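The sequence shown begins at 362 in our numbering and counts up by one. Report on the structure given below.
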Amino acid sequence: MLYIFLFVLCILLFIFGMTIIRFGLFNLSANKLKYWLKKLTSTPLKGMLTGTFITALLQSSSAVMVITIGLISARIMTFPQSIGIILGTNIGTTFKTELITFKIDAALVPFAIIGAALMLFRNIRARSIGMLLFGIASVFTAMKGFELLARPLTDMKAIHQFILSINDHTFLSLLTGTIITAIIQSSTAMTGITMGFLTTGLLKLDAGIAIVLGANIGTCITAVIASIGGGSESRMAAFAHVWLNVIGVLLFIPLIPLLAENAWLLAERKEVQLAHISVIFNVVTSLLVLPFATKFGELILFLHNKKGPK
362 MLYIFLFVLC
372 ILLFIFGMTI
382 IRFGLFNLSA
392 NKLKYWLKKL
402 TSTPLKGMLT
412 GTFITALLQS
422 SSAVMVITIG
432 LISARIMTFP
442 QSIGIILGTN
452 IGTTFKTELI
462 TFKIDAALVP
472 FAIIGAALML
482 FRNIRARSIG
492 MLLFGIASVF
502 TAMKGFELLA
512 RPLTDMKAIH
522 QFILSINDHT
532 FLSLLTGTII
542 TAIIQSSTAM
552 TGITMGFLTT
562 GLLKLDAGIA
572 IVLGANIGTC
582 ITAVIASIGG
592 GSESRMAAFA
602 HVWLNVIGVL
612 LFIPLIPLLA
622 ENAWLLAERK
632 EVQLAHISVI
642 FNVVTSLLVL
652 PFATKFGELI
662 LFLHNKKGPK
């Protein structure tokens, strides 16, 4: 029971770290981000590049989706303009997945101390940099916790049996990633947890891939919630985000065995292999939809709002 409690604390620490990283970066560049979101969305390609850059900067696809939905609700942006951004958020979010595979254990304590000290400053820039450093220390500490706690957790009979069961059932692995991500509202945290269990050797890579694919669907819940009460076009943007990930996952499910078998070509460590495969999924999905972005938007309108945006 103690291990479960500590594991939950690590999840909370991870989410806390990602949140203050986002706040720190947003404080440093909030006005510029909104400006670029409004201006560089004249074509799906520009929107995708802008969405990729801003999501990578904010380290949160959900945050960019919430900002985008807010701009649509305020009639500063239209639903068609948001399609490119939605494609870009899926690519940009992979930067943080790659980030958490780095080994910076020796820098965690200095980062935490310097970050905490800077957060006490009145200057907004110094405080924001402090939030960034403290957030990074929190995220990587949580990742270390996932790694250390994964083995004792897998020794527990119920968890051991559950992992063995999802190893043999792709749909169950997919569902696990979707549900847990929807609950904790962080696909990166779900990926970090999956990486921790991969290091024990009990969770197979193909099950880990399915969990991460499911996490891409589960993370859409934030945009759906943000769109409530925001008008027809805001709902269309949220639905587009959901359908992009659902369609992408359906396309990639048959490829899971192939990706797992050839993952050794991407990296040596299992967790890095998983991060690279996550990048492949998100980049390929967005690039496949990009040439048909306008048609994709029309499909969303047909499925959810046949009369068109109000």
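The beta-carbon is built from N, C-alpha and C at its ideal position, and this holds for glycine as well. In this text the structure is predicted, and so the values were computed from the model without any measurement.
### Message
Please report the straight-line C-alpha distance between G408 and T450, rounded to a whole angstrom.
### Response
One Cα belongs to G408, the other to T450, and the distance between them is close to 10 Å.
#### Entry: Supposed contact pair M551 and L635 - C-beta distance, whole angstroms, cut 8 Å
Not a contact, Cβ separation roughly 11 Å.
### Residues near K565 in its chain [Cβ-Cβ closer than 7 Å; skip 5 each side]
Same-chain partners within the cutoff: N528.
### Message
Please tell me whether L536 and G575 are closer than 8 Å, where the distance is taken between their beta carbons.
### Response
Closer than 8 Å, so yes.
### Task
Below 7 Å CB to CB, which residues in the same chain sit around F377 once its five sequence neighbours on both sides are set aside?
Cβ within range, chain order: S499.
### Query
Does DSSP classify Q634 as helix, strand or coil?
Three-state DSSP puts Q634 in a helix.
### Collapsed DSSP secondary structure at T439 in the structure displayed
Coil.
### Touching by the beta-carbon criterion (3+ pairs, under 8 Å), the segment 590 to 601 and the segment 655 to 666
With a cut-off of 8 Å, the segment 655 to 666 and the segment 590 to 601 count as touching, because enough Cβ pairs lie within range.
### Task
Take A624 and list the residues in its own chain whose beta-carbon comes closer than 7 Å to its own, dropping the five residues that flank it on each side.
Only L566, Q634, I638 meet the Cβ criterion.
### Task
Rank C581, K457, G412 by C-alpha distance to the C-alpha of M504 and give the top, closest one.
Of the residues C581, K457, G412, the one whose Cα lies closest to the Cα of M504 is K457.
### Query
Counting along the chain, where does the alpha helix (DSSP H) carrying N528 start and finish?
Per DSSP, the continuous alpha helix (DSSP H) segment holding N528 begins and ends at 518 to 528.
### Query
In the structure shown, what three-state DSSP assignment does T628 receive?
Note on identity: in this sequence residue 628 is Ala, with Thr being the wrong assignment. Here A628 sits in coil by DSSP.
### Task
Measure the C-alpha to C-alpha separation of L374 and T502 and round it to an integer number of angstroms.
Straight-line Cα distance between these residues: approximately 8 Å.
### Task
State the DSSP-derived secondary structure class of F663, mapped to helix, strand or coil.
It is helical.
#### Entry: Nonlocal neighbours in the same chain, by C-beta distance under 7 Å from L410, ignoring five residues either side
Excluding positions up to five away in sequence, the list reads G449.
### Query
Within 10 angstroms of its Cβ, does Q442 collect 16 or more other Cβ (buried), or is it exposed?
Classification for Q442: buried.
### Query
Terminal residues of the continuous alpha helix (DSSP H) containing K457?
Run containing K457: 455 to 460, per the alpha helix (DSSP H) assignment.
### Query
Can you tell me the Cα-Cα spacing of V610 and I554, whole angstroms?
If you take the alpha carbons of V610 and I554, they lie about 20 Å apart.
### Message
Taking only three categories from DSSP, how would you classify G562?
### Response
Coil.
#### Entry: Segment contact flag, the segment 506 to 516 with the segment 362 to 373, C-beta cutoff 8 Å, min 3 pairs
Remark: three or more beta-carbon pairs, one from each stretch, lie closer than 8 Å, so the segment 506 to 516 and the segment 362 to 373 are flagged as touching.
### Task
Report all residues from its chain with a CB closer than 6 Å to the CB of K671; omit the five preceding and five following residues, and keep chain order.
Any reading at K671 needs caution, since the residue's pLDDT is 43, under 50, leaving its predicted position unreliable; the model's value is listed next. The beta carbon of K671 sits closer than 6 Å to the beta carbons of S593 from its chain, once the five residues preceding and following it are set aside; these are given in chain order.
### Query
So I444 packs on A584, CB below 8 Å; how close in whole Å?
A Cβ-Cβ distance of about 13 Å is found for the pair I444 and A584, leaving them out of contact under the 8 Å criterion.
### Task
Using a threshold of 8 Å, state whether the C-beta atoms of L494 and R488 are closer than that.
It is not a contact, given that the beta carbons lie outside the stated cut-off.
### Query
Which same chain residues, not among the five before or five after N388, have their C-beta less than 7 Å away from its C-beta?
Non-local beta-carbon contacts of N388 in its own chain, meaning distances under 7 Å to residues more than five positions away in sequence, involve I485, S489 in chain order.
### Query
On the three-state DSSP scale, how would you describe K464?
K464 falls in the coil class under three-state DSSP.
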